[in-house]
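To keep things clear, I will list the structure first and then write my remarks on it.
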Amino acid sequence: MATTTAAQKRAQAKVDYDAFLAGCPSRHLLDRISDKWVTLILVGLGGGGAGCDGEPRAMRYSELGRLLAGVSQKMLTQTLRSLERDGLVSRTVTPTVPVTVSYELTDLGLSLNHVIGGVKEWAQANMDEVFTRRKTFDADRD
456 MATTTAAQKR AQAKVDYDAF LAGCPSRHLL DRISDKWVTL ILVGLGGGGA
506 GCDGEPRAMR YSELGRLLAG VSQKMLTQTL RSLERDGLVS RTVTPTVPVT
556 VSYELTDLGL SLNHVIGGVK EWAQANMDEV FTRRKTFDAD RD
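Under my numbering, read the sequence shown as residues 456 to 597, first letter to last.
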């Protein structure tokens, strides 16, 4: 019987990821990245926010807070921490008075931004159609 190296085991586990299986860890990642605040933060840092030039750039915490209308400080902080933990966002602290903290997408975050930005664009482009379909559906149920 052949022995399996740690690298081979990791490679096999990667092949075995299947989000349709209940125990697959990728389900937790799907939960994380499907959150609205995650989507909006990634797109904002990727340059897709209102008034942005379309180029990824670092943003200060307060700038992100202004961009994301309706986000609480607690939610913004929690979401940024989770994105940093997952390696999607990097946090840079500059020792100024007061301290300046900025966030930017990592290469991994940029790769996800390309996907998630398309979902945001689709939602904005198709919202009228969805509203129409909902209205029709609800009228048929009454």
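For each residue, glycine too, the CB sits at the ideal point set by N, CA and C.
Contacting residues, own chain, Cβ-Cβ under 7 Å from residue i (five flanking each side not counted)
{"i": "R482", "result": "A474"}
{"i": "V587", "result": "Residue 587 is actually Thr in this sequence, not Val. Excluding positions up to five away in sequence, the list is empty."}
Residue i and residue j closer than 7 Å at C-beta
{"i": "V448", "j": "Y558", "result": "Given that the chain is displayed from residue 456 to residue 597, the structure contains no residue 448 and the question cannot be resolved."}
{"i": "V526", "j": "G572", "result": "no"}
{"i": "W500", "j": "L563", "result": "Residue 500 is actually Leu in this sequence, not Trp. Taking 7 Å as the Cβ cut-off, L500 and L563 do not qualify as a contacting pair."}
Rounded Cβ spacing between residue i and residue j (contact assumed at less than 8 Å)
{"i": "V554", "j": "R546", "result": "So it is not a contact: roughly 12 Å between Cβ atoms."}
{"i": "G502", "j": "R515", "result": "Not quite, the Cβ-Cβ distance comes to about 15 Å (not below 8 Å), so this is no contact."}
Own chain partners of residue i with C-beta closer than 8 Å, once the 5 adjacent residues on each side are dropped
{"i": "L484", "result": "D541"}
{"i": "L535", "result": "I496, Y516, L519, V544, R546, Y558"}
{"i": "K575", "result": "T494, L495, V498, G503"}
Nonlocal neighbours in the same chain, by C-beta distance under 6 Å from residue i, ignoring five residues either side
{"i": "L523", "result": "L495"}
For residue i, the nearest candidate out of the options (CA to CA)
{"i": "L538", "options": "Q579, D486, W577", "result": "D486"}
{"i": "F488", "options": "K590, N568, T587", "result": "Note that residue 488 is Ile in the sequence shown here, rather than Phe. Checked all of K590, N568, T587; the closest Cα to I488 is N568."}
{"i": "L565", "options": "R596, E510, R521, K590", "result": "E510"}
{"i": "G491", "options": "L531, T587, R596", "result": "The identity of residue 491 in the sequence shown is Lys, whereas the question assumes Gly. The option with the nearest alpha carbon to K491 is L531."}
key: Contiguous beta strand (DSSP E) assignments of at least 3 residues, all confined to the stretch 479-524   = none
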